[in-house]
Amino acid sequence: MEQQRPLLYLMLAFITFMIWSAWQERHAPPPVNTATASQSSLPAGKSNQSDVPQTQNLPAAPANSGVSHANAVTGKNIRVKTDVLDLQISLTGGTILQADLLTYPVSLEEPNHPVRVLDRRKQYAAQSGLVTGDGNSDRAPNHYAVFSAPQSEFVLGDSDVLKVPLTWVGADGLSVTKTFTFKRGEFLVDVTQTINNTSGETWEGSEYHQLTHGTYEREGMGLTAVSFVGGAYWDDKYVKVALDDIQDSNLAQPIKGGWTAMLEHYFISAWIPGPEAENHYYTKFIKETNNHILGVSSPWLTVPDGKAGTFKSQFYVGPKIQENLEKMSPGLDLTVDYGIFSFVSKPIFWMMSKIHSVVSNWGWTIIIMTILIKILFFYPSAISYRSMAKMKKLGPKIKEINEKYKNDPQAKQKATMDFYRKEKINPLGGCLPILIQMPVFMGLYWVLLESVELRQAPWILWFHDLSVKDPRFVLPILMGLSMYIQQRLNPPQVADPMQQKIFQFLPVIFTAMFLLFPAGLVLYWVVNNVLSIAQQYVITKKIVGDTAPVLS
Numbered sequence: 000m001e002q003q004r005p006l007l008y009l010m011l012a013f014i015t016f017m018i019w020s021a022w023q024e025r026h027a028p029p030p031v032n033t034a035t036a037s038q039s040s041l042p043a044g045k046s047n048q049s050d051v052p053q054t055q056n057l058p059a060a061p062a063n064s065g066v067s068h069a070n071a072v073t074g075k076n077i078r079v080k081t082d083v084l085d086l087q088i089s090l091t092g093g094t095i096l097q098a099d100l101l102t103y104p105v106s107l108e109e110p111n112h113p114v115r116v117l118d119r120r121k122q123y124a125a126q127s128g129l130v131t132g133d134g135n136s137d138r139a140p141n142h143y144a145v146f147s148a149p150q151s152e153f154v155l156g157d158s159d160v161l162k163v164p165l166t167w168v169g170a171d172g173l174s175v176t177k178t179f180t181f182k183r184g185e186f187l188v189d190v191t192q193t194i195n196n197t198s199g200e201t202w203e204g205s206e207y208h209q210l211t212h213g214t215y216e217r218e219g220m221g222l223t224a225v226s227f228v229g230g231a232y233w234d235d236k237y238v239k240v241a242l243d244d245i246q247d248s249n250l251a252q253p254i255k256g257g258w259t260a261m262l263e264h265y266f267i268s269a270w271i272p273g274p275e276a277e278n279h280y281y282t283k284f285i286k287e288t289n290n291h292i293l294g295v296s297s298p299w300l301t302v303p304d305g306k307a308g309t310f311k312s313q314f315y316v317g318p319k320i321q322e323n324l325e326k327m328s329p330g331l332d333l334t335v336d337y338g339i340f341s342f343v344s345k346p347i348f349w350m351m352s353k354i355h356s357v358v359s360n361w362g363w364t365i366i367i368m369t370i371l372i373k374i375l376f377f378y379p380s381a382i383s384y385r386s387m388a389k390m391k392k393l394g395p396k397i398k399e400i401n402e403k404y405k406n407d408p409q410a411k412q413k414a415t416m417d418f419y420r421k422e423k424i425n426p427l428g429g430c431l432p433i434l435i436q437m438p439v440f441m442g443l444y445w446v447l448l449e450s451v452e453l454r455q456a457p458w459i460l461w462f463h464d465l466s467v468k469d470p471r472f473v474l475p476i477l478m479g480l481s482m483y484i485q486q487r488l489n490p491p492q493v494a495d496p497m498q499q500k501i502f503q504f505l506p507v508i509f510t511a512m513f514l515l516f517p518a519g520l521v522l523y524w525v526v527n528n529v530l531s532i533a534q535q536y537v538i539t540k541k542i543v544g545d546t547a548p549v550l551s
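Numbering (numbering that gives the first Met the number 0), first residue to last: 0 to 551.
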């Protein structure tokens, strides 16, 4: 019947969306060649220092004459290890070249292989430095300046706090100490740059922090949408900056407080400057090295001769745990980006977090959440199932109308609608359960895709990671069977043979499509289908009657 077509179109639209998502992933831009190390993320013997912020990109400063570019000398790296981080920091500029997250393995099969966020192979690094109004690097160590450290390896051990001081000494009595402070169990690092001025004249300059990224890497999970990889910053609203956008135009914007970040699926690196300062945010693309830069510079600081002055900031490199990010800086939790389904995903994740705090298992959390959602939508689903049951009960009458007017489509349409009105049947009622389920389905889909809390989350038996496909494909098969049973309970009243065949094959199509879906998502669909079957069976039995078979 014509009235069943919207349901068919809805199904086909959903399948088309998933195929389009898969095409997006398969045709993602290829990674930029990183065979040549980037000057802006790796130490170099010589550099034109084009990635150092220029005076015009910084807050207004006193004008000084003369520009000096000292050639940087490659310094060695030091290692910093805490209970959660393993970092490589270059003594050239104090750049963080590499960051391994010790509590987050790449896969369950390789528990001793930690996720690497900052990675010199991708030209992905965290830089910081100082600049003066005249650009004189002899009086302000930028990220090409050579620092020294008291030792080559720093280990937290049994302590709760670990300080890593790097020292730069200028030729005229200036010295700068850049100190990284690590705390047990934390991915947030306190960073200070202290200027000790014994040069005989006043020092005036600014601090900058920047993140560099040289490659495109897009992540997905089989037939899924692709997670965003790129930059972001906070300007009283969450603003994403794609790597393409950094190539096309340069950002130059004053913002009070804020933060700047690079995002890669479940993980993030972010510079968080002073919350009250009027900072300056900028982007830059270095074409020669294919390097994308997203940075922030602070207001000017004046340090009189014989005095000391300190810049304070924070650096975060770790998982996108929403509760923790929200506490660090306003809007930082928005880097967990659910896209256009945020209005559904956020309440779902909030509900799941509350349930998980009680049951401590994400699989049971999904099951309990599904039951609660089913209770919430029990009444509209019941209305729909009653309508479908009435359609089934009156099926013979509808067939009589189809047979009577088989040569007159317009008369058949009118007679059918008159019959529906007389019997108080909504022919589109069968669409309602799917219409209700789709937003929840897509919301949970993005929660599983973006929430690091569910990454490598086990359930029972062989389900060791609900964020990836079921390795034995049991859940997709159960989903297909449950969908088939639902169809048998109330088969679509469709006259067109082609539409009938499409409806008959939908369980097979969905089973094949769900083979590569995250197991947690398929678990939700299976549980929802089982609950729907129970509700639908009771309602159909009541309306159709005990004498008629419930399963057709």
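Cβ atoms here follow ideal geometry from the backbone N, Cα and C, with glycine treated the same way.
For W363, write down the residues that DSSP places opposite it in a beta bridge.
Paired residue(s): none; W363 is not in a bridge.
Confirm, please, whether the CB-CB distance from W258 to F314 is below 7 Å.
For the pair F314 and W258, the CB atoms are not nearer than the 7 Å cut-off.
DSSP three-state call for L479: helix, strand or coil?
Going by the sequence as given, residue 479 is Gly instead of Leu. G479: helix per DSSP, three-state reduction.
Just reading off the alpha helix (DSSP H) that D159 is part of, what are its end residues?
Under the DSSP assignment, D159 falls outside any alpha helix (DSSP H); it carries neither an H nor an E label.
Please say whether Q122 and T94 have beta carbons closer to each other than 7 Å?
Not in contact: T94 and Q122 (Cβ atoms no closer than 7 Å).
For F440 versus D336, is the C-beta spacing smaller than 7 Å?
no
Report the rounded CA-to-CA distance for K311 versus S297, giving the unit in angstroms.
10 Å
Who are the Cβ neighbours of Q212 in its own chain at under 6 Å, not counting the five residues just before and after it?
Reading the sequence as shown, one finds His at residue 212 and not Gln. Sequence-distant partners of H212 (beyond 5 residues in either direction) whose C-beta falls short of 6 Å from its own C-beta, in its chain, are Y123, M261 and H291.
DSSP state of N528, grouped into three classes?
helix
For G362 and S174, what's the separation of their Cα atoms in angstroms?
55 Å
Verify whether the separation of the beta carbon atoms of L530 and K373 is less than 7 Å.
yes
Is DSSP giving V507 helix, strand or coil here?
helix
Would you kindly work out how many angstroms separate the C-alpha atoms of V168 and A139, rounded to a whole number?
Approximately 10 Å, taken between the alpha carbons.
For D235, which of L331, N196 and T193 has the nearest alpha-carbon?
D235 has its Cα closest to that of L331, out of L331, N196 and T193.
At what residues does the beta strand (DSSP E) containing E206 begin and finish?
W202 to H212
Comparing alpha-carbon positions, which option in K421, I366, G92 and P346 lies nearest A518?
Nearest Cα to A518 within the set K421, I366, G92 and P346: I366.
Helix, strand or coil for G219? Go by DSSP, reduced to three states.
With a pLDDT of 43 at G219, under the threshold of 50, the predicted position of this residue should be treated as unreliable, and no value is reported.
If you compare alpha carbons, which of G294, A98, G338 and M368 is closest to W349?
Considering only alpha carbons, the answer is M368.
Between H463 and the rest of its own chain, which residues show a CB-CB distance below 8 Å, the 5 nearest in sequence each way excluded?
So the list reads L107, Q455 and P457, once near-sequence residues are dropped.
Look at the alpha carbon of L90 and the alpha carbon of N76, and state the distance between them as a whole number of angstroms.
Approximately 6 Å between the Cα atoms of the pair.
Does the beta-carbon of V507 have 16 or more other beta-carbons within 10 angstroms, so that it is buried, or is it exposed?
exposed
Using 8 Å for Cβ pairs, my map puts I267 next to T334. What's the rounded Cβ distance?
5 Å
For P110, which residues in the same chain have their Cβ closer than 8 Å to its Cβ, ignoring the five residues on either side in sequence?
P104
Could you check what DSSP says for S297 in three-state terms: helix, strand or coil?
coil
Pop quiz: G229 and A144 are said to be a contact at Cβ under 8 Å. What is the actual Cβ separation, rounded to whole angstroms?
In fact, because the Cβ distance is near 29 Å, the residues do not count as touching under 8 Å.
Quick check on this structure: which residue in N323, Y523, H279 and V163 has the alpha carbon closest to the alpha carbon of Y207?
H279
Out of M482, N195, I370 and Q246, state which residue places its alpha-carbon closest to the alpha-carbon of Q503.
Ranking the options by Cα distance to Q503, first place goes to M482.
Quick one: grab the DSSP three-state call for E185.
coil
Select from G479, K405, W524 and Q246 the residue whose C-alpha is nearest the C-alpha of T288.
Checked all of G479, K405, W524 and Q246; the closest Cα to T288 is Q246.
In or out: K177 buried (at least 16 other Cβ within 10 Å) or exposed?
So K177 counts as buried.
Across which residues does DSSP place Q313 in a beta bridge pair?
Answer is D189 and I271, bridged to Q313.
Please classify R25 as buried or exposed, where buried requires at least 16 neighbouring CB atoms within 10 angstroms.
Residue placement at R25 is flagged as unreliable, the pLDDT there being 39, under the threshold of 50; the coordinate-derived value follows with that caveat. Looking at its Cβ environment, which holds fewer than 16 other Cβ atoms inside 10 Å, R25 is exposed.
Which residues in the same chain as E325 place their Cβ atom closer than 6 Å to its Cβ, once the five residues preceding and following it in sequence are excluded?
D332
Given that a residue counts as buried once 16 or more other Cβ atoms are within 10 Å of its Cβ, and exposed if not, what is F513?
buried
Can you tell which of Y281, D417, L474 and Y444 has the C-alpha that lies nearest to the C-alpha of I397?
Here the closest residue by C-alpha is D417.
For the segment 468 to 478 and the segment 519 to 526, state whether three or more C-beta atom pairs, one from each stretch, are separated by less than 8 Å.
yes
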